[in-house]
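K.L.:
Chains as they are written, first to last, in this note's numbering: chain A, 65 to 577; chain B, 114 to 475. We put the CB at the ideal spot given by N, CA and C, even for glycine.
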Amino acid sequence: MQTEPILRVQGVSKAFPGVQALTDVDFEAYPGEVVALLGENGAGKSTLMKILAGAYTRDSGHIYLGGEEVELTSPHQAQSLGISIIYQEFNLVPTQTVAANIFTAREPLQPGVGRVVKLVDRRRMEAEAQRLLDIVGAHVSPTALIRSLPVAERQLVEIAKALSFDSRVIIMDEPTSALGKDETEKLFEIIRNLKAQGRAVIFITHRLNEVFRIADRVVVLRDGRLVGTAPIGAVDIDKVIGMMVGRSLSQMYQKEPAQIGDVVLDVKGLARAGAVEDVSFQLRRGEILGFAGLVGAGRTETARLLFGADARDAGEIWIDGRQPEIHSPEDAIRAGISLVPEDRGSQGLVLLLSVFKNEVLPNLSPHSRLGLLDGATLERQAAEYVQRLNIRTPSLEQKVMYLSGGNQQKVVLAKWLMSNPKVLILDEPTRGIDVGAKSEIYALMSQLARSGMGIIMISSELPEILAMSDRVLVMCEGRVTGILNRDELQNQEAAQEIIMSYATRHAVEGVPA
Amino acid sequence: MSDITVSPPRPAPRSTWRRVLRGQEIGIFLVLLGMVAFFTLATGGASGTFLKPTNLTNIMLNFSWTAIAAFGMTFVIISAGIDLSVGSVMALAGLAAAFLIARDKSPFLTADGTVSEWAIPLAILAGLAVGALAGFINGLLITFAKLPPFIATLGMLQIARGIVYGLSQGWPIQNLPPNFMTIGRQNIPVAGVNFPLPTVIMLVVGIIAWIFLTRTAWGYRIFAVGGNEQASRLSGISVTRTKIMIYTISGLLAGAGGVLLTARLGVAAPTAAQGYELDVIAAVVVGGTSTSGGEGSILGTLIGAAIMGVLRTGLNLIGVEAYWLPSAQGIIIIAAITLDQWFRRRQGKPTGFAHWFSRGGK
Numbered sequence: 065m066q067t068e069p070i071l072r073v074q075g076v077s078k079a080f081p082g083v084q085a086l087t088d089v090d091f092e093a094y095p096g097e098v099v100a101l102l103g104e105n106g107a108g109k110s111t112l113m114k115i116l117a118g119a120y121t122r123d124s125g126h127i128y129l130g131g132e133e134v135e136l137t138s139p140h141q142a143q144s145l146g147i148s149i150i151y152q153e154f155n156l157v158p159t160q161t162v163a164a165n166i167f168t169a170r171e172p173l174q175p176g177v178g179r180v181v182k183l184v185d186r187r188r189m190e191a192e193a194q195r196l197l198d199i200v201g202a203h204v205s206p207t208a209l210i211r212s213l214p215v216a217e218r219q220l221v222e223i224a225k226a227l228s229f230d231s232r233v234i235i236m237d238e239p240t241s242a243l244g245k246d247e248t249e250k251l252f253e254i255i256r257n258l259k260a261q262g263r264a265v266i267f268i269t270h271r272l273n274e275v276f277r278i279a280d281r282v283v284v285l286r287d288g289r290l291v292g293t294a295p296i297g298a299v300d301i302d303k304v305i306g307m308m309v310g311r312s313l314s315q316m317y318q319k320e321p322a323q324i325g326d327v328v329l330d331v332k333g334l335a336r337a338g339a340v341e342d343v344s345f346q347l348r349r350g351e352i353l354g355f356a357g358l359v360g361a362g363r364t365e366t367a368r369l370l371f372g373a374d375a376r377d378a379g380e381i382w383i384d385g386r387q388p389e390i391h392s393p394e395d396a397i398r399a400g401i402s403l404v405p406e407d408r409g410s411q412g413l414v415l416l417l418s419v420f421k422n423e424v425l426p427n428l429s430p431h432s433r434l435g436l437l438d439g440a441t442l443e444r445q446a447a448e449y450v451q452r453l454n455i456r457t458p459s460l461e462q463k464v465m466y467l468s469g470g471n472q473q474k475v476v477l478a479k480w481l482m483s484n485p486k487v488l489i490l491d492e493p494t495r496g497i498d499v500g501a502k503s504e505i506y507a508l509m510s511q512l513a514r515s516g517m518g519i520i521m522i523s524s525e526l527p528e529i530l531a532m533s534d535r536v537l538v539m540c541e542g543r544v545t546g547i548l549n550r551d552e553l554q555n556q557e558a559a560q561e562i563i564m565s566y567a568t569r570h571a572v573e574g575v576p577a
Numbered sequence: 114m115s116d117i118t119v120s121p122p123r124p125a126p127r128s129t130w131r132r133v134l135r136g137q138e139i140g141i142f143l144v145l146l147g148m149v150a151f152f153t154l155a156t157g158g159a160s161g162t163f164l165k166p167t168n169l170t171n172i173m174l175n176f177s178w179t180a181i182a183a184f185g186m187t188f189v190i191i192s193a194g195i196d197l198s199v200g201s202v203m204a205l206a207g208l209a210a211a212f213l214i215a216r217d218k219s220p221f222l223t224a225d226g227t228v229s230e231w232a233i234p235l236a237i238l239a240g241l242a243v244g245a246l247a248g249f250i251n252g253l254l255i256t257f258a259k260l261p262p263f264i265a266t267l268g269m270l271q272i273a274r275g276i277v278y279g280l281s282q283g284w285p286i287q288n289l290p291p292n293f294m295t296i297g298r299q300n301i302p303v304a305g306v307n308f309p310l311p312t313v314i315m316l317v318v319g320i321i322a323w324i325f326l327t328r329t330a331w332g333y334r335i336f337a338v339g340g341n342e343q344a345s346r347l348s349g350i351s352v353t354r355t356k357i358m359i360y361t362i363s364g365l366l367a368g369a370g371g372v373l374l375t376a377r378l379g380v381a382a383p384t385a386a387q388g389y390e391l392d393v394i395a396a397v398v399v400g401g402t403s404t405s406g407g408e409g410s411i412l413g414t415l416i417g418a419a420i421m422g423v424l425r426t427g428l429n430l431i432g433v434e435a436y437w438l439p440s441a442q443g444i445i446i447i448a449a450i451t452l453d454q455w456f457r458r459r460q461g462k463p464t465g466f467a468h469w470f471s472r473g474g475k
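Here you go:
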């Protein structure tokens with residue numbers, strides 16, 4: 065491109081305690097260009113965006129805006145320089161109106177004395193908000209409360225807010241993750257508009273097919289470094305994935321065949337109103353049973369019912385031919401079920417506590433005598449698992465919050481392996497962790513299966529499901545819509561299609577479950 | 114945080130001594146030493162008033178009941194809760210004990226008009242039981258009625274105080290048997306220094322609380338619940354049981370403090386321990402236990418209580434009128450919490466106080 069870039073980032077680095085988040089990153093955005101910023105979770109995209117938005121300060125490097133070097137010291141200042149960011153999590157005040165949110169801290173004021181006492185000119189604010197909402201095509205009243213809006217419309221309000229700053233650079237962090245198909249189309253239309261006006265749009269997404277529809281150029285980060293940048297015409301999906309993960313996918317999954325034994329878990333007619341209906345299946349020793357389905361299909365809910373985290377309305381849970389009482393996670397642990405929950409930070413770990421304390425939490429009762437804990441044994445076991453799972457931590461006393469996502473996930477696994485379960489349920493076990501840790505977790509799953517554990521793996525990543533599962537159970541709208549056995553998984557492309565059709569269709573009569 | 118490289122492993126500190134030094138306690142311990150040094154110099158140096166053994170043991174005596182209640186409060190605040198009722202519960206426990214043994218009230222009078230000997234242990238147990246019961250009810254309100262701890266214990270503060278006023282009809286209960294008052298007034302000679310019995314009891318309770326918090330499964334659960342309630346539940350911890358236990362212990366220890374206070378003063382006044390909840394909370398937060406939950410220590414609380422005790426006596430000795438004392442305490446509390454929140458923000462830890470007012474806890 066011949067023109068000068070609007071935004072130029074040069075040699076930017078940023079470290080957090082124990083983590084080098086960005087190393088010497090360069091990239092540019094030109095007027096009228098849509099740049100897709102890609103990378104795995106933890107590649108440094110969010111850190112980079114937060115630096116550009118003024119939320120973090122960089123450790124070193126330079127940022128140029130319209131050819132002039134700028135210091136971005138606060139979100140407010142970045143906005144006034146013309147950089148707006150639309151975060152994945154919303155930054156709207158739910159109890160305020162749409163107009164008030166768009167003009168937070170910049171409300172138009174009444175003339176004269178009104179200016180002095182900061183009397184807000186509501187009519188002007190609402191009219192201006194209406195104009196911006198029209199531009200983004202949101203059918204929302206400026207006086208509506210944010211609380212009352214569906215997620216997709218909140219997203220549009222965010223975009224309207226970004227437009228109100230007349231920004232030259234607009235950053236969108238996974239803007240489509242909450243949007244449906246039509247809304248995504250509308251967003252793309254808006255992006256094309258912004259582009260036509262000569263603004264630069266930086267677009268972060270995990271949906272790679274969207275990249276090829278809307279982006280002019282891709283910039284790929286991995287482990288905090290720039291891997292490469294290429295015009296969209298020069299790459300295809302495989303090439304982009306290769307850049308993102310740094311190795312081919314086949315090396316990552318380490319599935320070894322395990323001896324499939326007796327039924328260890330037998331679930332009959334599990335139900336909870338509004339979440340799960342009539343879920344039945346069996347799990348055998350040594351088996352990895354994949355749970356596929358769309359988000360909200362009832363997979364996590366099923367796992368929580370099995371684990372006693374939620375109360376079931378109906379259904380039987382048999383373990384090794386017996387039917388233990390399971391009314392709480394405590395009961396489930398005693399019965400030999402463990403759950404690695406989908407959200408490490410809020411459900412799997414106490415981030416403030418040490419690696420040691422997190423590991424021993426589910427395993428306190430068997431190791432306390434007269435109330436006192438057998439510290440030496442616990443410590444030895446905890447250290448053993450740190451070594452066995454290759455958890456990279458300076459010591460057992462390190463607070464878990466300072467570990468990387470992959471190592472945090474391994475701590476969650478360690479704590480459950482210490483309790484020696486018969487059935488291990490993994491809910492999105494590799495979400496948000498780096499490639500190296502991912503492949504270690506796959507290897508560990510294989511190894512556990514070989515040792516005779518029954519494993520349920522809930523995953524929204526089809527390649528992972530296909531590569532690791534012995535059988536795949538598919539859910540849709542709270543029901544089991546199909547189970548694929550081993551033979552059906554041989555042809556991966558066909559299996560993928562079958563899974564997708566089960567996942568998008570409500571159970572029909574006669575489906576084997 | 115991102116998932117990238119982790120700094121290479123380094124060996125864990127081995128010795129207990131290094132662990133103590135590494136801990137948060139060292140900072141406030143230095144503050145305590147600094148205050149002691151200041152008041153020593155301000156009152157005539159090493160041979161002056163401040164460092165006299167009687168003065169030091171007096172300071173310790175004066176914060177003994179606060180510290181005992183503060184050990185229980187440490188559990189509460191680590192669990193991301195708050196217990197505002199401890200002052201009233203202290204008074205109620207003291208009153209309950211006094212009712213059983215005061216010469217003009219006791220149901221256990223002997224023929225010669227004195228109170229029978231075995232009524233004294235019974236009175237102590239009754240005081241402890243009343244405290245534990247109040248705490249237990251707090252626990253039930255927080256877990257089953259799902260009230261925010263701030264509200265539940267604020268209610269208990271008023272209820273307990275009302276019961277104290279009602280039962281005593283506003284009059285102090287006196288005429289307690291000398292053998293009961295001995296508990297508050299006896300000295301135990303250790304290495305030539307006479308330590309007041311309440312101080313010795315405080316230290317023993319402190320050691321038990323420290324072991325409980327750091328060496329038992331219950332202690333681990335308190336930290337876990339305060340750090341992340343949801344993750345604790347999903348780790349098989351009964352959050353309900355843990356919280357009820359925590360508030361019961363807080364009530365029990367407040368009761369113990371109340372009984373000791375009554376024994377020391379020789380009277381159960383209806384206004385006894387009024388406002389003590391703030392002294393108790395102050396000792397805990399000055400001692401470095403985080404108001405955001407999940408972090409804290411008994412040793413820190415002991416030092417925190419000592420800081421507040423040294424401040425009280427020290428200001429008095431250098432001639433500051435007692436009227437000004439609350440202001441000085443207020444400054445210390447604000448400084449302690451400001452520093453705590455500031456450090457937490459820098460370390461990327463959660464901050465804020467919303468959990469005290471929220472139904473679900475953290």
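1) Here's the rule: buried if 16 or more other CB atoms are within 10 angstroms of the residue's CB, otherwise exposed. What is B:I362?
2) Have a look at A:G542 and A:D374 and give me their C-alpha separation to the nearest angstrom.
3) Would the segment 403-412 of chain B and the segment 215-230 of chain B be scored as touching if the rule is three or more Cβ pairs under 8 angstroms?
4) Helix, strand or coil for A:L243? Go by DSSP, reduced to three states.
5) Do you know how far the Cα of B:I301 is from the Cα of B:T167?
6) Report buried or exposed for B:D225, applying the criterion of at least 16 other Cβ atoms within 10 angstroms of its Cβ.
7) If we count Cβ pairs, one from each stretch, closer than 8 angstroms, do we get three or more for the segment 263-282 of chain A versus the segment 92-104 of chain A?
8) As a quick exercise: from B:L254, B:A210, B:G379 and B:L270, pick the residue whose alpha carbon is nearest that of B:K356.
9) DSSP three-state call for B:P121: helix, strand or coil?
10) Identify the continuous alpha helix (DSSP H) that holds A:E92 and give its terminal residues.
11) What would DSSP say about B:R135, mapped onto helix, strand or coil?
12) Would you kindly work out how many angstroms separate the C-alpha atoms of A:G130 and A:E92, rounded to a whole number?
13) Taking the alpha carbon of A:S228 as the point to measure from, which residue in A:D198, A:V83, A:S212 and A:E351 has its own alpha carbon closest?
14) Just to confirm, are A:L71 and A:V89 a CB contact at a threshold of 8 angstroms?
15) Can a CB atom of chain A be found closer than 8 angstroms to the CB of B:L134?
16) Listing by chain order, which chain B residues have their CB less than 7 angstroms from the CB of A:A226?
17) Need the endpoints of the alpha helix (DSSP H) that A:N273 sits in, please.
18) Is the CB of A:T373 under 8 angstroms away from at least one CB in chain B?
19) Considering Cα atoms alone, identify which of A:G354, A:Q160 and A:I147 is closest to A:P206.
20) Mind reading off the beta-carbon distance from A:D326 to A:R348? Whole number of angstroms is fine, and I expect it under 8 angstroms.
21) Restricting to runs no shorter than 4 residues, where is the alpha helix (DSSP H) found entirely within the segment 444-515 of chain A?
22) Is there a C-beta anywhere in chain A that falls below 8 angstroms from the one on B:L347?
23) Can you give me the start and stop residues for the beta strand (DSSP E) that A:L548 sits inside?
24) Helix, strand or coil: which one does DSSP assign to A:K78?
25) Per DSSP, which one or two residues make a beta bridge with A:K332?
26) Check the Cβ of B:S351 against every Cβ in chain A and list those closer than 8 angstroms, keeping chain order.
27) Between A:R456, A:K332 and A:R444, which has its C-alpha nearest A:G469's C-alpha?
28) Name the chain B residues that come within less than 7 angstroms of A:K75, Cβ to Cβ?
29) Relative to the alpha-carbon of A:L220, which residue among A:M509, A:L481, A:P239 and A:K303 has its alpha-carbon at the smallest distance?
30) Of the residues A:Y506, A:L156 and A:I489, which one's Cα is nearest the Cα of A:A216?
31) Just the C-alpha distance for A:V424 and A:K479, rounded to the nearest angstrom, thanks.
32) As an exercise, report each continuous alpha helix (DSSP H) stretch of at least 4 residues that is fully enclosed by the segment 205-272 of chain A, in chain order.
33) Going by beta carbon distance, what residues of the same chain come within less than 8 angstroms of A:Q34, once the five residues before and after it are set aside?
34) Using a cut-off of 9 angstroms between C-beta atoms, extract the partners of B:G407 located in chain A.
35) Look at the Cβ atom of A:D491, then the Cβ atom of A:L403, and state whether they are nearer than 8 angstroms.
36) Could you check which residue in B:F188, B:G275, B:L174 and B:A211 has the C-alpha nearest to that of B:L365?
P.N.:
According to the structure shown:
1) buried
2) C-alpha separation (whole angstroms): 15 angstroms.
3) The segment 403-412 of chain B and the segment 215-230 of chain B do not touch, with fewer than 3 CB-CB distances between them shorter than 8 angstroms.
4) coil
5) 13 angstroms
6) exposed
7) Cβ pair count under 8 angstroms is three or more, so yes.
8) B:L254
9) In this prediction, B:P121 has a pLDDT of 36, which is less than 50 and means its spatial position is unreliable; nothing more can be read from the coordinates.
10) Counting along the chain, A:E92 falls outside any alpha helix (DSSP H), though it belongs to the beta strand (DSSP E) covering V83 to A93.
11) Its pLDDT being 48, under 50, B:R135 is placed unreliably by the model, and nothing is read from it.
12) 11 angstroms
13) A:D198
14) Cβ distance not < 8 angstroms, so A:L71 and A:V89 don't count as in contact.
15) Note that B:L134 has pLDDT 46, beneath the 50 cutoff, so the model's placement of it is unreliable and no number is given.
16) Those within 7 angstroms of A:A226 in chain B number zero; the least Cβ separation is about 25 angstroms.
17) Here the alpha helix (DSSP H) through A:N273 covers L272 to I278.
18) Strictly speaking, residue 373 of chain A in this sequence is Ala, with Thr absent from that position. Cβ-Cβ to chain B under 8 angstroms: yes for A:A373.
19) Per the C-alpha coordinates, the member of A:G354, A:Q160 and A:I147 positioned closest to A:P206 is A:Q160.
20) 6 angstroms
21) 469-482 and 499-514, all fully within the segment 444-515 of chain A.
22) yes
23) Per DSSP, A:L548 belongs to the beta strand (DSSP E) from R543 to L548.
24) Reduced to three states, the DSSP call for A:K78 is strand.
25) A:E380
26) By Cβ distance, chain A contributes S392 and E394.
27) A:R456
28) It is worth fixing the name first, because residue 75 of chain A is Gly in this sequence and not Lys. Result: empty, since nearest Cβ-Cβ is about 18 angstroms, beyond 7 angstroms.
29) A:P239
30) Just measuring C-alpha positions, the residue of A:Y506, A:L156 and A:I489 sitting nearest A:A216 is A:L156.
31) Spanning the two alpha carbons is a distance of roughly 6 angstroms.
32) Those alpha helix (DSSP H) runs which fall completely within the segment 205-272 of chain A and span 4+ residues are 215-228 and 245-260.
33) What the structure shows of chain A is the stretch from 65 to 577, and residue 34 of chain A is not part of that stretch, so it cannot be assessed.
34) V414, L415, L416 and L417
35) yes
36) B:F188
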